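Engineer:
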Amino acid sequence: MASGGGNNRNGTHRNSLKGTTTTSTVSTDKPLSVNSNPSKPAFKNKSSPLTGASSGLRKSSPGSLGGGAAKDDAGVPGRVRVAVRLRPRNAEESVADADFADCVELQPELKRLKLRKNNWDTDTYEFDEVLTEFASQKRVYEVVAKPVVEGVLDGYNGTIMAYGQTGTGKTYTLGRLGEEDTANRGIMVRAMEDILAEVSPEIDSVLVSYLQLYMESLQDLLDPTNDNISIVEEPKSGDVSLPGATLVEIRDQQSFLELLRLGEAHRHAANTKLNTESSRSHALLMVHVKRTVKGREPAHSSDNGNSTSMARSLRPPLVRKGKLVVVDLAGSERIDKSGSDGHTREEAKSINLSLSALGKCINALAENSAHVPVRDSKLTRLLRDSFGGTARTSLVITVGPSPRHRGETASTIMFGQRAMKVENMLKLKEEFDYKSLARRLDIQLDKLIMEHERKQKAFEVEIERITAEAQNRISEAERNYADAVEKERLKYQKDYMESIKKLEEKWMMNLQNQGNERKEQMVHIAEEVAEVKKLLSKETSLRKAAEEEVDNLKSQLAQLKMSEASANSEILKLRKMVEDEVCQKEKLEGEISMLQSQLLHLSFEADETRKRLDRGGPGKVPGRLDSPVSQVRSQLKDSGNGEKASVAKLFEQVGLQKILSLLEAEDADVRIHAVKVVANLAAEETNQQKIVEAGGLKSLLMLLGSSEDETIHRVAAGAIANLAMNEKNRELIMSQGGISLLSTTASHAKDPQTLRMVAGAIGNLCGNDKLQTKLRGEGGIKALLEIVKCGHPDVLAQVARGIANFAKCESRAATQGSKTGRSLLIEDGALPWIVQNANSDASPIRRHNELALCHLAQHEVNAKDMISEGALWELVRISQDCPREDIRTLAHRTLASSPDFIAGLKRLRINY
Ligand code: ADP
Ligand code: MG
């Protein structure tokens, strides 16, 4: 049987584990402590390093109260920690005490309990922890038990005791299994959970015994036959052991719960048998924890400090042994010693013995007495090593709220106070803890935690339920499926068998019929075979044909592929050609631009040539006077066939359309040169029609109207003059407003050459029978008479030519009878200028005017005006002096035949 103690648990070792800081602040305390040394069995005021136990607990000594927060939290090693827990009112109390206040009032934030003495007075007590009726089991475990359990896991002995009147919640606090609600699990169950979570099952061990102490006899709750277990104390170590008690190894929580249930059942049975009450017995759970310390060696050193590796390998592994004792004490209420409740006096003494002995020991400790009567009872003997130097002890005192049990409640409180050395706690200094609020919140938190645990449990249960249900459904579905499959299989099997049977019957029937039908069938079959053969041969020939077709198609395909290849190469070739064409085009475009520049150059040259001609003066102009541009043309002809050939070539290469389009070019120079080229071209009779057809005439007329450049005016007018040599073109010029454009041009002209061109153009237009009236109507004659104001002989010569043309046509029309009345020339006032210039020094002027006078004189209707303007003298002179014989003759004949002229001659006394 294992005992709780171990020789490794000595002061040195302890300090090495927990450090040495734990012994501070002990001077004012007189902790409850049992010396483990058997030679000094008395309790003594030696502090034990139980810092861990102080976590969450508060020191209650006056020193701690007066000493402020720092000391407050430091804790006192070795002192029994005392918590008070208030049970909520039960159903009976809720009814019976409805009109009374609870006899206790808790101030958990101050860790105080107020016990009502009467209506106006209360006593106040302070505890390490004050647990209200709302405190959760979890919180109770954490503040009361957890530090002790941690100590046990570290190799210390630990004791948790519950003390209080029967019915105040000792068993609830310690022994609840929480089967119905995990939130209700008590300290035993939670302690085992923590222990099992910490130990390693392979190398550590957890052994449990469960006992009952009643009337100083110790019974094994795990083996009811074992009802008088003896207590053995190791003389050396002072450790207490129970060699006769059953020890059960615990590996999981479930087996522990079963063990507790078994123990409880046995306790109930034993009490029934002995006719006792469980409230009169103490229940003790002992948990022995043995743990192997990993990675640590025993703390013994060799004499000279050089231990060999051999020695090291032989060392046993370091183990720590801790013993946890949980004691659910008997009810603290006094047993009536009078025997009135059925107990004998002796019984009552015996029943109370252990509890009284515990009280006495605690009193002795509290009073710091030299003698602590630890041997007086089995309970105190059993708990001896729990109070030992390495032990940690927590006491929870349970009280009820009922004022009816005030006395018992008070004595319970005093027991707890003594355990906390109440005699030192005479006066309480009223103080407020700023942490009170936090603690109140703690209480709320407790409730929430409880709620949470409950919900979590419920959730887990629900999950389990759903899982189980799902499992059920799955297995049911699987079953159903298997059934259905089986059914189906059987059905098919049946069907199959039936079909087989039917077929067999049929077959039998067929066999019978076969005899009769055989011959018939043979014939039939032979026919069928022949038919089939025929079909087969047909099929074969069809197949052959199809194969041939396929071959054919294949060769066609091959051909197609070939031709496709050649087509591809053709395409490539064509592409190449297209590319070549593009190159060619680019090259040609280059040439065109080059030719355009040549063109400009040529037109410039032509211009120059024309200027040279102009400078030569009128006298040098060769024979033809019909058109100034034809002069240019002839000059061009004379000056060099090369140039002319170039223009012609240009015309061919560039194209008329292109040249004409240049007439509208943006660049003024290009326009000028283009109009010059057109003029040059227009000088060639062969080109004239082409120019008109290509819209050149229109462009030239437009240029007259739109351009302000006089050179353009001059050259365009020249070109128009050339085009006007053609009778058809004259009509076109007239219909497109040529007269007014030409006369406007003349009115703006400054250069006589411009006027010469304009006059030339109008002059040409004058030579058309049909257009006489229109020409005159649009101011053609007047324009000519305006032009003569410039006085330049070349200009005058052109005007004279026009007038002569006009007169000639008029005369022709009059002879034909299509014209009556005075000459339009006379109407427009041209006669005086004709007469004046009829004897001009410049022969072209003179000649044209002489001719004009002769034509006018042909008609009697003009005679009077002619006479009055002095034309008669001129006619006489012409008839005598004119170098051209035809004109001379005409003048003469006219003078001789016209009565008006004859009369006029007479009157003027001209002898003719
Ligand atoms: P004891 O062991 O001290 O005789 P019990 O633990 O058997 O007392 O408790 C007596 C009754 O009071 C039980 O029904 C128990 O469930 C109930 N009880 C005790 N403490 C509490 C508590 N903190 N909260 C709710 N019910 C409690
Ligand atoms: Mg109980």
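Sequential numbering from 1 applies to the sequence shown in our numbering.
Quick reminder that beta carbons are idealized off the backbone N, C-alpha and C, glycines included.
These numbers come from a predicted model, not from an experiment.
(1) Using a Cβ-based criterion (distance less than 6 Å to any ligand heavy atom), does K170 qualify as near ligand 4?
(2) Here's the rule: buried if 16 or more other CB atoms are within 10 angstroms of the residue's CB, otherwise exposed. What is K808?
(3) Verify the contact flag: T166, CB atom, against every heavy atom of ligand 1, threshold strictly below 6 Å.
(4) Do you know how far the Cα of V248 is from the Cα of E193?
(5) Considering Cα atoms alone, identify which of V144, G779 and R89 is closest to V80.
(6) Within this structure, are the beta carbons of L83 and L131 separated by less than 7 Å?
(7) With K138 as the anchor, note down where its alpha helix (DSSP H) starts and where it stops.
(8) Classify L379 as helix, strand or coil using the three-state DSSP reduction.
(9) Under 8 Å, with one C-beta from each stretch per pair, do the region 793–805 and the region 843–859 reach the 3-pair mark?
(10) Among all the DSSP beta bridges, which residues are the ones paired with T124?
(11) Taking only the alpha-carbon atoms, compute the straight-line gap between T292 and S200 and give it to the nearest angstrom.
(12) Could you compute how far the alpha carbon of A364 sits from the alpha carbon of K146?
(13) Which residue wins for smallest C-alpha separation from A191, given the options G718, V206, M215 and G737?
(14) Pop quiz: E869 and D900 are said to be a contact at Cβ under 8 Å. What is the actual Cβ separation, rounded to whole angstroms?
(15) What three-state label does DSSP hand H673 in the structure shown?
(16) Could you check if T745 is buried or exposed, using at least 16 other CB atoms within 10 Å of its CB as the buried criterion?
(17) In the structure shown, what three-state DSSP assignment does K236 receive?
(18) For a test of the three-state rule: what should DSSP assign to S402, helix, strand or coil?
(19) Output the residue ranges of the alpha helix (DSSP H) runs that lie fully inside the region 696–754 and measure 4 residues or longer, sorted by chain position.
(20) Determine the direct distance from the alpha carbon of G718 to that of A761, and round the result to whole angstroms.
(21) Between the region 657–669 and the region 679–697, do three or more beta carbon pairs fall short of 8 Å?
(22) When you compare each of E346, A458, S843 and S281 to D917 by their alpha carbons, which one comes out closest?
(23) Buried or exposed for E93, please, with buried defined as at least 16 other CB atoms from any protein chain shown within 10 angstroms of its CB.
(24) Starting from G802, trace the alpha helix (DSSP H) both ways and give me its first and last residue.
(25) Taking 6 Å as the cut-off, is the beta-carbon of R87 closer than that to any non-hydrogen atom of ligand 1?
(26) Are three or more beta carbon pairs between the region 116–127 and the region 354–370 nearer than 8 Å?
(27) Give me the residue from P844, D828 and C882 with the minimum Cα distance to D865.
(28) To the nearest angstrom, report how far apart M450 and Q137 are at their CA atoms.
(29) At the level of alpha carbons, what is the spacing between Y492 and N510?
(30) Is it the case that the Cβ atoms of T398 and T171 are separated by a distance below 7 Å?
(31) So, does the region 826–842 touch the region 780–799, judging by three or more C-beta pairs under 8 Å?
(32) Whose C-beta lies closer than 6 Å to the C-beta of D376 among residues of the same chain, with five residues either side of it excluded?
(33) Less than 7 Å between C-beta atoms, sequence neighbours within five positions excluded: which residues of the same chain meet that for L426?
(34) Taking DSSP as the reference, what is the three-state secondary structure of G829?
Structural biologist: Checking against the coordinates, here is how it stands:
(1) This structure lacks ligand 4; the ligands present are ligand 1 and ligand 2.
(2) buried
(3) yes
(4) 16 Å
(5) V144
(6) Residue 83 is actually Ala in this sequence, not Leu. In contact: A83 and L131 (Cβ atoms closer than 7 Å).
(7) Q137 to V140
(8) helix
(9) yes
(10) K114
(11) 9 Å
(12) 28 Å
(13) V206
(14) Not confirmed; about 13 Å, so no contact.
(15) helix
(16) buried
(17) coil
(18) coil
(19) 696–706, 710–723, 727–735 and 738–748
(20) 7 Å
(21) yes
(22) There is no way to answer for residue 917, as the model of the chain reaches only from 1 to 912.
(23) buried
(24) P793 to Q816
(25) yes
(26) no
(27) D828
(28) 8 Å
(29) 26 Å
(30) no
(31) yes
(32) A357
(33) Low per-residue confidence applies at L426: pLDDT is 21, beneath 50, and the placement is therefore not dependable enough to give any value.
(34) coil
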